[in-house]
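Undergrad: Take a look at this one; I'll ask things after.
Number of protein chains: 2
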Amino acid sequence: MDKYQEHLLEVIADLHGIPEGAYNIRSNGQSVGRASTAHIEIEPQKDRPGINVYIKPETQHEAVHIPVVLSQAGLKDVVYNDFYVGEGADVVIVAGCGIHCGSDDGSQHDGIHTFHIGKNARVRYVEKHYGDGDGKGQKIMNPETIVHMEEGSYMEMETTQIKGVDSTKRVTKADLAASATFIVKEKLMTDGVQFAETEFEVELNGKDSSTDVVSRAVARGTSHQIFRAKVIGNAQCHGHSACDSIIMDDAKISAIPELTANDTDAALIHEAAIGKIAGEQLTKLMTLGLTAEEAEEMIIQGFLK
Amino acid sequence: MDKYQEHLLEVIADLHGIPEGAYNIRSNGQSVGRASTAHIEIEPQKDRPGINVYIKPETQHEAVHIPVVLSQAGLKDVVYNDFYVGEGADVVIVAGCGIHCGSDDGSQHDGIHTFHIGKNARVRYVEKHYGDGDGKGQKIMNPETIVHMEEGSYMEMETTQIKGVDSTKRVTKADLAASATFIVKEKLMTDGVQFAETEFEVELNGKDSSTDVVSRAVARGTSHQIFRAKVIGNAQCHGHSACDSIIMDDAKISAIPELTANDTDAALIHEAAIGKIAGEQLTKLMTLGLTAEEAEEMIIQGFLK
Chain A
1243 MDKYQEHLLE
1253 VIADLHGIPE
1263 GAYNIRSNGQ
1273 SVGRASTAHI
1283 EIEPQKDRPG
1293 INVYIKPETQ
1303 HEAVHIPVVL
1313 SQAGLKDVVY
1323 NDFYVGEGAD
1333 VVIVAGCGIH
1343 CGSDDGSQHD
1353 GIHTFHIGKN
1363 ARVRYVEKHY
1373 GDGDGKGQKI
1383 MNPETIVHME
1393 EGSYMEMETT
1403 QIKGVDSTKR
1413 VTKADLAASA
1423 TFIVKEKLMT
1433 DGVQFAETEF
1443 EVELNGKDSS
1453 TDVVSRAVAR
1463 GTSHQIFRAK
1473 VIGNAQCHGH
1483 SACDSIIMDD
1493 AKISAIPELT
1503 ANDTDAALIH
1513 EAAIGKIAGE
1523 QLTKLMTLGL
1533 TAEEAEEMII
1543 QGFLK
Chain Z
1243 MDKYQEHLLE
1253 VIADLHGIPE
1263 GAYNIRSNGQ
1273 SVGRASTAHI
1283 EIEPQKDRPG
1293 INVYIKPETQ
1303 HEAVHIPVVL
1313 SQAGLKDVVY
1323 NDFYVGEGAD
1333 VVIVAGCGIH
1343 CGSDDGSQHD
1353 GIHTFHIGKN
1363 ARVRYVEKHY
1373 GDGDGKGQKI
1383 MNPETIVHME
1393 EGSYMEMETT
1403 QIKGVDSTKR
1413 VTKADLAASA
1423 TFIVKEKLMT
1433 DGVQFAETEF
1443 EVELNGKDSS
1453 TDVVSRAVAR
1463 GTSHQIFRAK
1473 VIGNAQCHGH
1483 SACDSIIMDD
1493 AKISAIPELT
1503 ANDTDAALIH
1513 EAAIGKIAGE
1523 QLTKLMTLGL
1533 TAEEAEEMII
1543 QGFLK
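So the sequences go chain by chain: A and Z. Just so it is clear: in the first sequence, position 225 is 1467 by my numbering, and no numbers are missing. Just so it is clear: in the second sequence, position 67 is 1309 by my numbering, and no numbers are missing.
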C-alpha cells in the first residue's frame, strides 16, 4: 500500500497498520490482506467480488475491520459484503471507504453490505467515507446497506461523510422482527459542488420493534443534499426519525421524511429543521476572541460531534 | 332547494336561508342565487362554469358566501371560481360543498379556486366538506386551491372535512411575495372505507414571507389517509408544517412532508406524529363515568376542535 492509502486507512478506520481481530483490507479492487479468528470467519464470495463474514453465535466483544481504499485513477469498484451474525453475538464492525485522487480521472466505489442479524445479537456498525487528493477526478461512493433483523436483535449504525466525496447516493434498508431495535446516527457535510442523497427505509414488522434515525447535516458552497427517511409501522412499534441541517453559502437542502402507519398500535414521529447558524451564536464566540471563520468552524464541529 | 340541500347549506356554511353580503349559491351544477354588493361584485365566468369574485381595494370586514350543494345522483360537477382581492381589503370568504346521496349513483364535485390577493390584503377563507344520505353512491370531492399572494398580504385557510366524503384529493398551492403570510388549519376525519389525500405546496419567494401549515387528522374504520406538505424556501423566510394524526381500528395513514431550502436564509421546520389515543386518557375519562365509546368520542372532538 502507498502512503496515500495508509493515510486513508487511518482516517476511515482509525487504523495504523494491521488491525487486531478479523479483517479484510481491499485496495484498488483487490483484497490485500485478510484474517479470520476462532469466532469470525471471512471468506471471498464465490461468484462476485466481495466477502462473506460469518460470526459465530455468542461471540463476545470482537471486532471486524473491512476498510476499502482506492488510489488508482479511473477505477470503478463494486463489492458485495454479506454478514451473518449468529444468535447472541455482540460485535463491532468497522467499514468505510477512502478515495485518493491525484489525476483528472475519477474513482468510484459502490459497496453493497447485507446484514443477517440473528436472535438477540448486537451489532455496532461504523462506516466512514472520505476523499482527498489534488486531482480533479470525481470521487464517487454509493454505499447500500441492507439489514435483516431477527427477534430481539439490536443494531447501531454510525455513518459519517465529512469531506472529499463529490457524489454519493446512500441507501439503507432495514426490516425488523419482534423486539428488534435499529438505531442510525448519520453525519454528513458537503462543500463545493458536491451532491449527497441519503435514503433510509425502515420496516417495523414485529411487535415492539423500534427505530431511531437521526441525521445531522451541513451543506456549504453550492452543494446539494437530499434526505429521505421512510419509517413504516406494520405492528405495535415505535419509530422516530429526525433531520437537522445547517445551510450555508449557496447550498440547497431538501428533507423528505415519510411515516406510514399500517397498524393502529404503530406510534411514529418525525421532525426536521433546516436553518443557518444563528447570528447570536457567532457573535458570542467572536466576543471571546475568535474570528468569524473560527466561530463558524467551532459551531459546525460541535453540531456534527 | 329541497330539504336535503337546506340541511347541507346549514352544515357547510352555517346558513339558514340567504346570507348577508355577497353570495353565490350553486345547486346541482346551476347557480340558484347570486348577489353582489357595493364593494364585492360576483359575475359568471365567460367560457367555463364558475364565477369571478371582484373585491374592491380597502373593502373592510365584508363576507362572501359561495356554497355548493348536490343532491342529484350521478352528477359530476366541475367549477372554476376566481377571486380578485384588492389592495388593503379585509374579507371573509366562506366556501364549502355538501353532497346528499340517496341512491346507488354517486356524485362528484371538483372545485378549483384561484385567489389573487393584492398588496396588504387580508383573507380568511373557510371551507367545509360534508356528505350524507343513505345511498350507496360514492360522494367524491376534489377541491383545488391556488393562492397568489402579493407583498404584505395575509391569508388564513380553515378547511374541515369531518364526515361523509368517500374519496377526496385536496390540492392547495400557494406562492408568496415579500412579507406575505399563509396559514392553514386542516381538520380531517375519515371512516369506513373512505380515502383522503391532502397535498400542500407553499413557495416562499419573497423576503420575510412565512407559512404555517397544520393538519389534524383522525382515521377510523379501514379508511386510508395520505398527507403531503411541501414547503420551499427561496428567500429569507420562515416555514413550518405539522401533521398530527390519530389512527384507530384498521385505518392506515401516511405523512410525507417535504422541506426544501434554496436560500441560506430560509428557516424551515416540520413535525409529524401518528399514534392511537393514549390508554391513560381513556381510563381517566372512564373513571369519570363515561363509556369507552363516549370517552373516545370526547377525545376526538377535543383533538379536532
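No residue lacks a Cβ here, since even glycine has one placed at the ideal position from N, Cα and C. Given the structure is predicted, the values throughout are model-derived calculations rather than measurements.
On the three-state DSSP scale, how would you describe V1317(A)?
TA: Residue 1317(A) is actually Leu in this sequence, not Val. Here L1317(A) sits in coil by DSSP.
Undergrad: Go through its chain and collect everything with a Cβ distance to T1279(A)'s Cβ below 8 Å, but skip five positions before and after it.
TA: So the list reads G1263, A1264 and E1304, once near-sequence residues are dropped.
Undergrad: Report back the beta-carbon spacing between I1516(Z) and I1498(Z) to the nearest angstrom; my notes put them in contact at under 8 Å.
TA: That belief does not hold up - the Cβ atoms of I1516(Z) and I1498(Z) are roughly 12 Å apart, past 8 Å.
Undergrad: Strictly by DSSP, which residues pair up with T1356(Z)?
TA: Paired residue(s): D1324(Z) and I1388(Z).
Undergrad: Mapping DSSP to helix, strand and coil, what is H1258(Z)?
TA: DSSP places H1258(Z) in coil when its eight states are reduced to three.
Undergrad: Whole angstroms is fine: what's the gap from I1260(A)'s alpha carbon to Y1372(A)'s?
TA: Cα to Cα, I1260(A) sits roughly 20 Å from Y1372(A).
Undergrad: Looking at the C-beta of T1440(A), does it have a partner C-beta in chain Z at a distance below 8 Å?
TA: It does not; no Cβ of chain Z falls within 8 Å.
Undergrad: In three-state DSSP terms, what is K1526(A)?
TA: Residue state, collapsed to three classes: helix.
Undergrad: When the Cα atoms are used, what is the spatial distance from T1464(Z) to N1384(Z)?
TA: Cα to Cα, the separation comes out at about 21 Å.
Undergrad: Where DSSP assigns a beta bridge to Q1272(Z), which residues make up the other side?
TA: According to DSSP, Q1272(Z) bridges with S1269(Z).
Undergrad: Measure from the alpha carbon of G1377(A) to the alpha carbon of each residue in R1366(A), L1250(A) and C1343(A), then state which is nearest.
TA: Out of R1366(A), L1250(A) and C1343(A), C1343(A) has the C-alpha closest to the C-alpha of G1377(A).
Undergrad: Report yes if the C-beta distance between T1301(A) and G1271(A) is below 8 Å; otherwise report no.
TA: Contact: no.
Undergrad: Taking Cβ positions, are I1308(Z) and A1331(Z) nearer each other than 8 Å?
TA: No; because the gap between Cβ atoms is not below 8 Å, this pair is not in contact.
Undergrad: How about H1390(A) and I1354(A): are their beta carbons less than 8 Å apart?
TA: No.
Undergrad: Using the beta-carbon count (16 or more within 10 Å), is A1520(Z) buried or exposed?
TA: Result: exposed.
Undergrad: Taking the Cβ atom as the reference point for each residue, do A1315(Z) and D1289(Z) lie within a distance shorter than 8 Å?
TA: Cβ distance not < 8 Å, so A1315(Z) and D1289(Z) don't count as in contact.
Undergrad: If you measure from the beta carbon of G1517(Z) to each beta carbon in chain A, is any gap under 8 Å?
TA: For G1517(Z), the answer is yes, since a Cβ of chain A falls inside 8 Å of its Cβ.
Undergrad: Could you name the residues of chain A that S1496(Z) contacts, counting a contact when the two beta carbons are closer than 7 Å?
TA: What S1496(Z) touches in chain A: E1500, L1501 and T1502.
Undergrad: Using DSSP with H/G/I as helix, E/B as strand and the rest coil, what is V1445(Z)?
TA: Per the sequence shown, the amino acid found at residue 1445(Z) is Glu instead of Val. E1445(Z) falls in the strand class under three-state DSSP.
Undergrad: Check distances from the C-beta atoms of the region 1479–1494 of chain A to those of chain Z and list, in chain order, the residues that come in under 8 Å.
TA: So the list reads S1487, I1489, M1490, D1491, D1492, A1493 and K1494, given in the order they occur along the chain.
Undergrad: What would DSSP say about K1298(Z), mapped onto helix, strand or coil?
TA: Reduced to three states, the DSSP call for K1298(Z) is coil.
Undergrad: Quickly, what does DSSP pair A1280(A) with across the bridge? List them, please.
TA: Answer is none; A1280(A) lacks a bridge partner.
Undergrad: Within 8 Å of any Cβ in chain Z, is that where the Cβ of D1433(A) sits?
TA: Output row for D1433(A): interface = no.
Undergrad: Is any beta-carbon of chain Z found at less than 8 Å from that of L1510(A)?
TA: By this cut-off, L1510(A) is an interface position.
Undergrad: Taking C-alpha atoms, which residue in D1374(A), Q1403(A), E1400(A) and F1357(A) lies nearest to E1392(A)?
TA: Selected option, being the one with the closest Cα: F1357(A).
Undergrad: Candidates K1405(Z), D1491(Z) and E1441(Z): which alpha carbon is nearest L1546(Z)'s?
TA: The residue with the shortest Cα to Cα distance from L1546(Z) is K1405(Z).
Undergrad: Here's the rule I'm using: 16 or more other beta-carbon atoms within 10 Å means buried, otherwise exposed. How should L1418(Z) be labelled?
TA: It counts as buried.
Undergrad: May I ask you to list the residues that DSSP assigns as paired with H1512(A)?
TA: Per DSSP, S1483(A) and A1514(Z).
Undergrad: Please list, in chain order, the chain D residues whose beta carbon lies closer than 9 Å to that of T1464(A).
TA: As a matter of chain content, chain D is missing from the structure shown, whose protein chains are A and Z.
Undergrad: By the three-class DSSP mapping on this structure, what secondary structure does K1245(A) have?
TA: In this structure, K1245(A) counts as helix in the three-state DSSP scheme.
Undergrad: Considering Cα atoms alone, identify which of T1423(Z), E1443(Z) and V1407(Z) is closest to I1432(Z).
TA: For the sequence presented, residue 1432(Z) should be read as Thr rather than Ile. Considering only alpha carbons, the answer is V1407(Z).
Undergrad: Quick one, which of S1421(Z), G1375(Z), E1386(Z) and K1411(Z) has its alpha-carbon nearest Y1396(Z)'s?
TA: Of the candidates S1421(Z), G1375(Z), E1386(Z) and K1411(Z), the one whose C-alpha sits nearest the C-alpha of Y1396(Z) is S1421(Z).
Undergrad: Output yes if chain A places a C-beta closer than 8 Å to the C-beta of D1450(Z); else output no.
TA: Not an interface residue.
Undergrad: For a test of your reading of the model: does the CB of V1274(A) fall under 7 Å from any non-hydrogen atom of the ligand SAH? Yes or no.
TA: Questions concerning the ligand SAH fall outside what the structure shown contains, since it holds no ligand whatsoever.
Undergrad: Just curious, the beta strand (DSSP E) that E1428(Z) is in, first and last residue?
TA: First-last of the beta strand (DSSP E) with E1428(Z): T1423 to T1432.
Undergrad: Comparing the C-beta of T1230(Z) with each C-beta of chain A, is any distance below 8 Å?
TA: What the structure shows of chain Z is the stretch from 1243 to 1547, and residue 1230(Z) is not part of that stretch, so it cannot be assessed.
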